[in-house]
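With the first letter of the sequence shown counted as 1, position 229 gets the number 286 in this note's numbering; the numbers rise by one all the way through.
Glycine included, C-beta positions come from ideal geometry on N, C-alpha and C.
For clarity, every value in this text was computed on a predicted model and none was experimentally measured.
First comes the structure, then the notes that go with it.
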Amino acid sequence: DSAPESPDSEGLHRKAKSSRSEMQTPAGAAGNRVPARVLCSGMAFMLIAEATETSVSSWCFTYAFRELGYPATSAAILPSAFYTAFTGLRLLLTPMSKLFLPSTFMQAGTLLAVIGASSFYVACSTLKSFLAAGAVVSELSSWWLYLLMGCIALMGAGFCPMYAMVTAAVRQHGEMTSQELGMFLTSINLGVMVGLSLPGLVPLPAMDLGGALAILAISTSCVRDFPWR
């Protein structure tokens with residue numbers, strides 16, 4: 058007969074069995090999983106938000122130069138305004154993230170993006186009507202360029218927290234498996250691809266306004282999952 062196992066030996070067997078079971082457990086199964094409605098809402102939000110953010114940051118120079126008639130030196134100020142606001146606001150996010158929920162930044166950023174996109178649409182439509190009536194952009198007040206800069210800076214500030222804060226807001230509801238995280242990141246990359254290509258077919262102000270209103274609809278309808286506080 059074999060000798061009985063010592064308590065230390067039994068403990069080692071239990072630890073080995075526990076380690077094997079943990080390795081075989083899918084990611085997120087041990088804790089709460091992100092509900093499907095939250096994951097789908099976050100994916101839809103990020104796809105549209107990334108498409109809109111990429112379109113305005115990548116195409117605002119081309120639009121101002123080709124459609125509004127600004128010289129290249131003036132049109133180049135617009136993407137600079139976007140990234141100045143986009144990068145500058147990130148300096149404030151670290152201390153502020155200790156005071157507010159990630160979903161608070163998501164909701165506030167959406168409002169800023171809507172205000173910026175709406176103002177940009179109205180300003181561009183007005184400028185286009187002036188140009189159609191025979192005006193020359195160089196003869197118009199320089200305040201029009203400052204207005205466009207302000208609109209684009211608002212969108213830069215609004216879209217600044219989206220990538221990090223929407224991801225954190227989704228994960229507040231639970232863990233994502235590797236497959237779910239892959240789908241979430243794929244929706245972001247698809248949004249970038251759409252934002253790089255679609256403004257070649259759709260006027261930039263219309264696309265930005267439509268995208269901003271779409272993420273507003275998602276954030277408002279899902280405010281239970283992504284609360285202000």
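Query raised in the report: Does any residue of chain D bring its CB to less than 8 Å from the CB of Val91?
Result: No chain D is part of this structure, which consists of one protein chain only.
Query raised in the report: Around the C-beta of Ala129, are 16 or more other C-beta atoms found within 10 angstroms, so that it is buried, or is it exposed?
Result: exposed
**Report entry** Limits of the alpha helix (DSSP H) - the one that Asn246 falls within
**Finding:** 235 to 254
Report task. Just mark Tyr120 as buried or exposed, buried being the case when its beta carbon has 16 or more other beta carbons within 10 Å. Result -> buried
**Report entry** Neighbourhood of Phe187 by C-beta distance below 7 Å, restricted to the same chain and skipping five residues each side
**Finding:** The answer, listed in chain order, is Leu197.
Query raised in the report: Are Ser98 and Cys208 close, meaning C-beta to C-beta below 8 Å?
Result: no
Query - When Leu184, Pro136, Cys217, Pro92 are compared against Gly126, the one with the closest alpha-carbon - result: Leu184
Query raised in the report: Hey, would you say the C-beta of Thr243 is under 7 Å away from at least one heavy atom of the ligand NAP?
Result: The ligand NAP is absent from the structure shown, which contains no ligands of any kind.
Query raised in the report: Based on Cα-Cα distance, which residue from Thr167, Val179, Val249, Glu237 lies nearest to Met222?
Result: Thr167
Query raised in the report: Around the Cβ of Met153, are there at least 16 other Cβ atoms within 10 angstroms (buried) or fewer (exposed)?
Result: Under a 10 Å Cβ-count criterion, Met153 is classified as exposed, with fewer than 16 other Cβ atoms of the shown protein chains found around its own Cβ.
**Report entry** Assumed close pair Leu96, Glu237 - CB separation to whole angstroms, cut-off 8 Å
**Finding:** Cβ atoms of Leu96 and Glu237 come within 8 Å of each other, at about 6 Å.
**Report entry** Closest by C-alpha distance to Ser112, when choosing among Pro262, Thr243, Tyr220
**Finding:** Pro262
Query raised in the report: By how many angstroms is the C-alpha of Arg90 removed from the C-alpha of Leu169?
Result: 31 Å
Query raised in the report: Who are the near neighbours of Tyr178 in its chain, counting only those whose CB is closer than 8 Å to its CB and skipping five residues on each side?
Result: Pro262, Ala263, Asp265, Leu266
Requested in this report: Under 8 Å by Cβ, that's how I've got Ala108 and Gly248 pegged, so tell me the actual separation to the nearest angstrom.
Outcome: Contact between Ala108 and Gly248 holds, since their C-beta atoms are separated by about 4 Å, short of 8 Å.
Query - Contact set for Val194: own chain, Cβ-Cβ below 7 Å, skip 5 residues either direction - result: Leu125, Gly126, Tyr127, Leu188
Query raised in the report: What's the gap between the Cα of Met206 and the Cα of Ser137?
Result: Our two residues, Met206 and Ser137, have alpha carbons roughly 9 Å apart in a direct line.
**Report entry** Three-state secondary structure assigned by DSSP to Arg90
**Finding:** strand
Query raised in the report: So, using beta-carbon positions, are Ala210 and Thr141 closer together than 8 Å?
Result: yes
Query - Candidates His230, Pro159, Ala93: closest to Pro218 by CA position - result: Distances from the CA of Pro218 to each of His230, Pro159, Ala93 were compared; the closest alpha carbon is that of Pro159.
Query raised in the report: Given Ala132, which residues of its chain have a CB within under 6 Å of its CB, disregarding the five upstream and five downstream residues?
Result: Phe118, Ala121, Phe122
Query raised in the report: In whole angstroms, what is the alpha-carbon distance linking Gly215 and Ser182?
Result: 22 Å
**Report entry** Proximity winner among Met233, Phe139, Ser244, relative to Ser115 (alpha-carbon distances)
**Finding:** Phe139
Requested in this report: Tell me whether Phe143 is buried or exposed, calling it buried when 16 or more other Cβ atoms sit within 10 Å of its Cβ.
Outcome: buried
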